[in-house]
Amino acid sequence: TRPKDSIRKKRALLVNVGLALAPDAFQIVLDGENENKVSMGKSRRHISFLCAKARHHTMSVDKAEGHLKRLNRDNHEERIYIWADLAKVSRKQGVWDVCRTACRFCLLYDAMSKKMAKAKKSEPSPAPRPSPRAPLQMSVDVLRTFAEVGFINAEAIIHFLRSEGIELNNRPVPPEVTVPHHPGNVVPPEEDAEWLTYSSWIMNLSQYAMKNWLRSAEIGQEINEAWLVHNTVVYVLNHNHHLILAGRQKELVELLQGLLSIMKVTGHNGDTITLVLLCNALARGLILGLIPSQTSEKGRRFLKSNQLHLSPVEGFVASDVRLAIEVCDYGLALTNGNLPQEIVPISTRQQLIATWVKAKQLLQQQIGSKLGTEDEYINESQTRMTKVLVALEMYSCNGLGLMDFTLPSLNQVVRLASDCKWTDPHVELQSLVRLAHFAYGLREHEIVMSLAKKALILKNISSLAQNAMFSYGGVCVNCQKNRKIIKNIRKIQNRPCIASRARENSSSFPRYGGLAGNHTLVMQSARHYWNTCFPFFSSAFCRKRLKTSIQQILKTINKTKTQKKVRGPHEGCSVERNRRGESGSDCHPGLPGTLGLGRKSPLPSRPLRRCG
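As structure tokens, this is what we get:
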């Protein structure tokens with residue numbers, strides 16, 4: 001009880017400060033979040049209560065606007081600082097309702113200043129006349145304070161939304177009906193006026209939080225402080241991460257477009273990674289809705305497509321795709337390696353490359369032989385890695401019903417990958433696995449074995465040995481290697497030796513999946529193991545030798561069944577999967593970080609067969 005008593009005392013002191021500043025309105029606005037003040041009439045429906053709460057909050061908040069009209073203008077700046085301090089202290093103490101109310105009153109001054117400045121600009125100016133309500137002259141310190149309070153207010157609004165069980169920019173889910181109704185009286189939520197009122201209120205709160213961020217960025221541009229703009233972008237990307245994972249970037253396009261325009265003016269405050277992530281989120285939001293439904297694996301020929309290609313996008317849609325390409329070009333040109341201070345991790349740049357290649361395909365623009373490195377690059381290492389990643393995305397995009405790229409030869413891409421000085425062993429591993437997948441599809445089995453050998457050497461790197469990313473890749477590369485061995489068993493006279501190698505390889509698949517903490521991957525690996533060993537189950541000797549491995553696989557299956565999937569350090573979701581609304585944590589069974597747009601799994605499996 002002592003901690004609760006302490007919180008009550010702190011809250012009472014903070015409320016007293018607010019009442020001293022706005023005795024006419026502070027308590028009314030504060031009570032807008034008090035559910036005990038909500039009047040819902042005789043209805044027993046929970047939706048009726050939610051609707052009444054929404055209306056009560058809206059009416060209470062509207063009372064704040066009249067506060068400034070009843071004040072003198074002598075001490076506005078002092079009041080702004082006190083409101084800001086009250087908001088900051090309330091946030092630090094976790095008194096969120098007082099924090100939100102203080103933020104609202106503080107930001108009223110900014111809204112009034114903007115409104116009066118706009119009105120002054122729209123008025124004709126024949127002869128200057130003194131006006132009793134001249135626009136407030138805000139200093140740089142005051143504007144900076146508004147931006148900081150805007151950050152706090154957006155965070156506090158998100159806290160309020162979560163108390164309602166809703167994430168930012170998500171629509172509320174209708175509650176289950178607990179009160180019995182006659183069948184004829186049941187109204188679906190989309191037609192229920194009370195539910196629509198509550199739902200609109202929630203969405204307006206989300207928009208209010210987003211407007212706070214955008215206003216903070218505008219202030220950053222106005223006073224030329226890049227850190228405010230940078231902080232805004234970080235807030236927006238972090239708090240909308242669930243939308244990005246679900247492929248809902250389109251809902252953020254307007255905001256992201258405004259932030260990128262501002263950041264181009266103010267600079268990115270030395271954080272090029274955040275700028276690239278912003279460019280990628282915006283570009284994907286512009287094109288995700290334009291990607292056609294993915295063809296089935298049976299109807300798709302590897303790297304070739306006999307189906308009719310869809311017509312290129314046109315009109316306003318084409319302008320969106322062109323804008324996406326411009327955004328990608330901006331991010332890629334900035335991080336091409338010519339400016340050492342602007343170089344970003346290749347895993348971050350890879351995401352933007354994948355988006356750029358897909359946008360090129362949507363506009364039916366071929367990529368030249370220089371693979372996106374037409375400009376003069378000083379950094380040779382960055383150039384080679386870029387060429388490999390562009391080529392891999394081109395291979396991944398072919399055969400999906402859109403324009404097919406004119407591909408560089410696989411041998412050329414393999415040579416480029418071998419000559420690269422990879423700055424990230426994770427991206428190197430994933431590139432080798434993807435190349436092995438494409439080589440297997442083209443029946444280049446010697447290349448498959450060579451790439452598998454190179455990829456498996458990476459397990460000796462200490463930083464990768466216990467990494468989930470490497471474990472994920474270990475399954476993929478071993479599968480490619482093992483499929484090649486099994487395919488050649490009948491052609492090789494020393495069949496027992498080759499079969500033993502195949503069994504040993506396949507028995508390691510589930511182990512890697514277990515290290516990756518991915519149950520789905522473990523099950524897929526177990527299927528590979530079963531299919532590999534199936535021809536030998538008729539022998540009692542072989543069954544005895546396989547017993548230990550099968551027991552270990554069963555233990556791994558049971559262990560990972562209860563584990564949450566561990567994502568690789570830069571596991572990403574393809575644009576094609578994002579378009580379908582799948583979250584990044586469910587992007588399986590591709591390799592972590594592989595961003596091919598529309599690519600199917602590099603591990604197609606034969607159907608599970610039963611031992612007779």
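Okay, so the sequence shown: first residue is 1 according to UniProt numbering, each after it adds one.
C-beta: ideal position from N, C-alpha, C; glycine also.
Computed from a predicted structure; not experimentally measured.
Drop a sphere of 10 angstroms on the beta-carbon of residue i, count the other beta-carbons inside from all chains shown, and report buried for 16 or more, exposed for fewer.
i	result
residue 129	Caution applies to residue 129, whose pLDDT of 48 falls short of 50 and renders its modelled position unreliable; the value that the coordinates give is listed next. The residue in question, residue 129, is exposed, as its Cβ has fewer than 16 Cβ neighbours within 10 Å.
residue 374	exposed
residue 411	exposed
residue 215	buried
residue 247	buried
residue 457	exposed
residue 204	exposed
residue 541	exposed
residue 8	exposed
residue 91	buried
residue 147	buried
residue 265	exposed
residue 520	exposed
residue 443	exposed
residue 514	buried
residue 547	exposed
residue 13	exposed
residue 436	buried
residue 382	buried
residue 259	buried
residue 471	Confidence in residue 471 is poor, its pLDDT being 48 and thus under 50, which makes the residue's placement unreliable; the coordinate value appears in the next sentence. So residue 471 ends up on the buried side.
Give a yes or no on whether the C-beta atoms belonging to residue i and residue j are separated by under 8 Å.
i	j	result
residue 356	residue 397	no
residue 58	residue 195	no
residue 86	residue 18	yes
residue 144	residue 273	no
residue 158	residue 88	no
residue 278	residue 243	no
residue 280	residue 392	no
residue 517	residue 562	no
residue 387	residue 402	no
residue 11	residue 95	yes
residue 241	residue 268	no
Taking 8 Å as the threshold (beta carbon to beta carbon), is residue i in contact with chain D?
i	result
residue 549	The chain inventory of the structure shown lacks chain D, comprising one protein chain alone.
What number of angstroms, rounded off, separates the C-alpha of residue i from the C-alpha of residue j?
i	j	result
residue 556	residue 425	26 Å
residue 174	residue 187	12 Å
residue 53	residue 35	7 Å
residue 416	residue 339	23 Å
residue 529	residue 337	44 Å
residue 284	residue 71	48 Å
residue 15	residue 427	54 Å
residue 20	residue 80	14 Å
residue 613	residue 105	Outside the modelled stretch of the chain, which goes from 1 to 612, sits residue 613, for which no answer is possible.
residue 139	residue 221	14 Å
residue 217	residue 342	22 Å
residue 324	residue 193	39 Å
residue 271	residue 549	48 Å
residue 141	residue 172	38 Å
residue 699	residue 233	Any question about residue 699 goes unanswered here, given that the chain covers just 1 to 612.
residue 55	residue 261	36 Å
residue 335	residue 418	22 Å
residue 69	residue 83	17 Å
residue 420	residue 348	17 Å
residue 360	residue 350	15 Å
residue 452	residue 432	7 Å
residue 407	residue 379	24 Å
residue 189	residue 116	41 Å
residue 291	residue 191	32 Å
residue 6	residue 524	55 Å
Tell me where the alpha helix (DSSP H) around residue i begins and ends.
i	result
residue 425	425-441
residue 272	272-287
residue 558	540-561
residue 447	445-457
residue 66	65-69
residue 222	193-222
residue 93	76-93
residue 415	410-419
residue 57	46-62
Please look up how many angstroms separate the CB atoms of residue i and residue j, rounded, as I've assumed it's under 8 Å.
i	j	result
residue 110	residue 67	Not confirmed; about 14 Å, so no contact.
residue 447	residue 414	6 Å
residue 390	residue 362	At roughly 16 Å, the Cβ-Cβ gap does not stay under 8 Å, so residue 390 and residue 362 are not in contact.
residue 63	residue 98	Between residue 98 and residue 63 the Cβ distance is about 16 Å, and since that is not below 8 Å, they are no contact.
residue 154	residue 213	5 Å
Does the Cβ of residue i lie closer than 7 Å to at least one heavy atom of the ligand FAD?
i	result
residue 550	Summarising the ligand content, the structure contains no ligands, and the ligand FAD is consequently not present.
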